[in-house]
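**Q** In my numbering, the protein residues as written are 1002 to 1201. In this text, a Cβ means the ideal position worked out from N, Cα and C, and glycines have one as well. This structure is a prediction, so every number in the text was calculated from the model and none was measured. Following this message is one structure expressed as structure tokens.
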């Protein structure tokens, strides 16, 4: 009888864990859907009013969603096309995975000393590939007079165009982060993309 109850308890715990995972995935999808409906000015307002995340608060695999391209802001039909593209099951970018532990090897050239860094990587095409690694660190945002968590791709093992990318994220609600992607050169930084991440 003891084994029977143990088996039942294990089954119940497994079912509860699966249900909780389903709820988290559903909540993440709803949060990303809601952010994808915002205009560029609304995204800017949400970003400015968001919270600076701690380095060790952003960890594990996060689900991602492309939200908007500033260059297309105001173009008729562009917002809907971007939403449909980003939400498509075949869209290659799935999200990013984060760790607060330091990355082995030389750090990127931007940001603070190694002790104040984490690391991460992008997940591509149904979790098959992890590409374009980055360092993470807290630094002043390019979007205003506040800090953000920066994602710096300036590493020798990344392709040259990717090395010019620097993302930054801020927490809009617990477990949901709004992000900017910048193309950075020695003389300028251009905002090229809005995106969001959500814990699942």
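Can you check which of these residues, 1198, 1194 and 1174, is closest to residue 1073 by C-alpha distance?
**A** Counted from its first residue, the chain shown places residue 1073 at position 72. Looking at the Cα atoms, 1194 is the closest of the given residues.
**Q** Do residue 1117 and residue 1134 come within 8 Å of each other at the CB atom, strictly closer than that value?
**A** By 1-based counting over the chain shown, the position of residue 1134 is 133. By 1-based counting over the chain shown, the position of residue 1117 is 116. In this structure, residue 1117 does not lie closer than 8 Å to residue 1134 by Cβ.
**Q** On the CB-based measure, 16 or more other CB atoms within 10 Å of its CB, does residue 1080 come out buried or exposed?
**A** Locating residue 1080 in the chain shown gives position 79, counting from the first residue. Label assigned to residue 1080: buried.
**Q** Mind checking who residue 1172 pairs with in its DSSP beta bridge?
**A** Residue 1172 sits at position 171 when you count from the first residue of the chain shown. Answer is 1052 and 1178, bridged to residue 1172.
**Q** Do residue 1144 and residue 1177 have their C-beta atoms within less than 8 Å of each other?
**A** On the chain shown, position 143 is the one that residue 1144 refers to. On the chain shown, position 176 is the one that residue 1177 refers to. Against a cut-off of 8 Å, the Cβ pair of residue 1177 and residue 1144 comes out as no contact.
**Q** Taking buried to mean at least 16 other C-beta atoms within 10 Å of its own C-beta, is residue 1022 buried or exposed?
**A** As a first step, residue 1022 is located in the chain shown; it is residue number 21 there, counting from the start. Since pLDDT at residue 1022 reaches only 45, below the 50 mark, its modelled position is unreliable, and no value is offered.
**Q** So what's residue 1016 in DSSP terms, helix, strand or just coil?
**A** Position 15 of the chain shown, counted from the start, is the residue given in the question as residue 1016. Here residue 1016 scores only 43 on pLDDT, less than 50, and its place in the model should not be relied on; the value that follows carries that caveat. Here residue 1016 sits in helix by DSSP.
**Q** What is the rounded straight-line gap between the Cα of residue 1078 and the Cα of residue 1102?
**A** Counted from its first residue, the chain shown places residue 1078 at position 77. Counted from its first residue, the chain shown places residue 1102 at position 101. C-alpha separation (whole angstroms): 42 Å.
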